[in-house]
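What follows is one structure encoded as structure tokens, with my remarks underneath.
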Amino acid sequence: MAPAAAVMLKITLIVCLTLCFPSPAGGTQGKAEYEALVAALFNGYDSRIRPTLLGGPTFIRVMFEPLSIINLDETGQVLYTYAKLYVQWSDEVLAWNRSDYSGIENFLWPQSDVWLPDLIISNSVEKEEAMGYKDMPVRIHYDGIVEWNPSSIFQTSCDLDVTYYPFDTQVCSVIMSTKMSTFEDIRIITDSNSPISMAEYSPGGTWDLQSITPEGLANVGDITRFQFKLTLKRLRTYYVMNIILPVLFLSFTASIVFYLPADAGEKIGMSMTVLLAYAVYLTIIADNMPQTSLQVSLLAVYLTILLAFTALGVILSVVVLNLHHTSDEIPVGRKTTKITRLVRHYLRLGLRPALSDNQVAPICKTPATTLTDADYTLSKNHQHPPLDTKVGSGTLGLLGQHNVGYKTCNSRLSKSDAFGSCSSTATSNDENELETITWPKVAEAVDRVLFISFSSFVFFITIILLPYMAAQA
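Using this note's numbering, the final residue of the sequence shown is 479, and nothing's skipped along the way.
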């Protein structure tokens, strides 16, 4: 016989012996053993009767394993969770000796033929239905332990706190209880110290599941209750990029309106354009924000304040234009003039160009008489020249010349002592040097103050409110 044929014959004999003579310890169980086991277990078994031989309550161990957070509806305050339940209890009727049935340790059987606890999701917002389905299998172990793993999309109510939206963290609960069984019949338990498996969890795009905590609840009447608290953190990138940053850009654009000169002719047009863009954008944002009156979102307050300031900016732009086009026949009041000069000074508005080194600053520019050496002597002795001296009409020159048109108080002149009377007229001459305030200049000063005020307000309310929302959440 060829060697190859001999090897094939040995393999065939081993397979036949294994199939025909299974190990009594239970390596392989035949159909007959299973049929005999099922017939013995379910002979006279009634799935409507709670399986306890010695009396007392049945302890139901429940674990909750999330598979995905489908959605959290802020408007309806409903959490959609796809999850699997691990339910385990002891059915004393469905127990057997392994050695009597070729070492069979467990088998699967349809749930419709086995007693099931009347568990429900008590905070569900959907129509109440039985968990699992008719032919869903349960695993029955030789010691009577039954494992049931129904999975479903749970729609549960969730009280949302939108104060810090979109930097919020929500805590929702899936509350389990019995429908009719009392505390004396069924008691729901769980291992609070055992971590809940997240191996099959699939993250979503809006919410990040931070943790799941099992927690017992007070019984309602004689009904046992238990809850699983889900801590959900909102993913913020979408909201920052599509809500907060565009709103900030619009807000600073509204401030730029006050930097636009009134003579440009587009002040009101730009203000109205920004306001309308703001209103349209806020309408879009409102559709994505939680629609609840229990709490007020700080972001909604923030947007409302910015919208109000944008509308106020339109009104103030009209006021500025009205000031700018006020008739010159209406004089500017003394207080208005004083305040405007002060504002324009500090905001560096209307500055004159600096004089070069070879130019003489006309500090005291009062008309002067023709000055001679004799006049210089008289002035030095605190005497004054005759009153009928003619006023010179020449240009500025050095002291001692006869063509002096103006007296100048300048420390660089060697004969400055001759102008004792210059200091007595300094106040009146300074008034002549002050900038003439007109209505367009008043409007420009008001515009600049409003620009600084609006920009500062938007900046400070942003750096205070938004970081506060993020920190509190």
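Glycine is no exception: its CB is placed at the ideal position from the N, C-alpha and C atoms.
Whole angstroms is fine: what's the gap from residue i's alpha carbon to residue j's?
i: Ile194; j: Leu122; result: 13 Å
i: Met186; j: Ile229; result: 7 Å
i: Tyr148; j: Tyr107; result: 10 Å
i: Ile202; j: Ser105; result: 35 Å
i: Gln478; j: Arg240; result: 14 Å
i: Pro63; j: Tyr474; result: 51 Å
i: Asp191; j: Gln176; result: 34 Å
i: Asp97; j: Phe160; result: 27 Å
i: Arg454; j: Ser333; result: 21 Å
i: Leu355; j: Tyr284; result: 31 Å
i: Val84; j: Asn199; result: 28 Å
i: Val320; j: Tyr244; result: 31 Å
i: Ala101; j: Ala89; result: 30 Å
i: Asp317; j: Leu456; result: Checking the sequence shown, residue 317 turns out to be Ala, not Asp. Going by the C-alpha atoms only, they are around 14 Å apart.
i: Arg242; j: Ala306; result: 16 Å
i: Leu266; j: Tyr86; result: 51 Å
i: Pro220; j: Gln233; result: 6 Å
i: Val324; j: Val280; result: 15 Å
i: Thr81; j: Trp95; result: 39 Å
i: Leu300; j: Leu166; result: 9 Å
i: Gly222; j: Leu47; result: 35 Å
i: Ile458; j: Cys164; result: 45 Å
i: Met69; j: Arg145; result: 16 Å
i: Met492; j: Ile218; result: The structure shown does not extend to residue 492, since the chain is modelled only from 7 to 479, so the question has no answer here.
With DSSP as the reference, label residue i as helix, strand or coil.
i: Lys185; result: coil
i: Ser303; result: coil
i: Asp436; result: With a pLDDT of 47 at Asp436, under the threshold of 50, the modelled position of that residue is not reliable, and no figure is offered here.
i: Ser118; result: helix
i: Ala476; result: helix
i: Asn328; result: helix
i: Thr468; result: helix
i: Val320; result: helix
i: Thr343; result: helix
Let me check you understand the geometry: is the CB of residue i closer than 7 Å to at least one non-hydrogen atom of the ligand PLP?
i: Gly61; result: Within the structure as shown, the ligand PLP is missing, as the structure has no ligands at all.
Among all the DSSP beta bridges, which residues are the ones paired with residue i?
i: Trp154; result: Val93
i: Gly222; result: Phe232
i: Ser105; result: None, per the DSSP bridge assignment.
i: His147; result: Asn112
i: Asp214; result: Lys239
i: Cys164; result: Paired residue(s): none; Cys164 is not in a bridge.
Would you be able to state if there are at least three C-beta pairs under 8 Å between the stretch 261 to 277 and the stretch 306 to 313?
The stretch 306 to 313, when compared against the stretch 261 to 277, does not touch it at the 8 Å Cβ threshold.
The stretch 242 to 262 / the stretch 443 to 451 touching (three or more Cβ pairs under 8 Å):
no
At 4 residues or longer, what runs of the alpha helix (DSSP H) sit wholly inside the stretch 240 to 291?
251 to 262
Any contact of the stretch 64 to 77 with the stretch 134 to 141, i.e. 3+ C-beta pairs under 8 Å?
no
Below 8 Å, can you find three or more Cβ-Cβ pairs linking the stretch 292 to 301 to the stretch 163 to 172?
yes
Contained alpha helix (DSSP H) runs [length at least 4] in the stretch 30 to 79, N- to C-terminal order:
With a minimum length of 4 residues, the continuous alpha helix (DSSP H) runs that stay inside the stretch 30 to 79 are 37 to 48.
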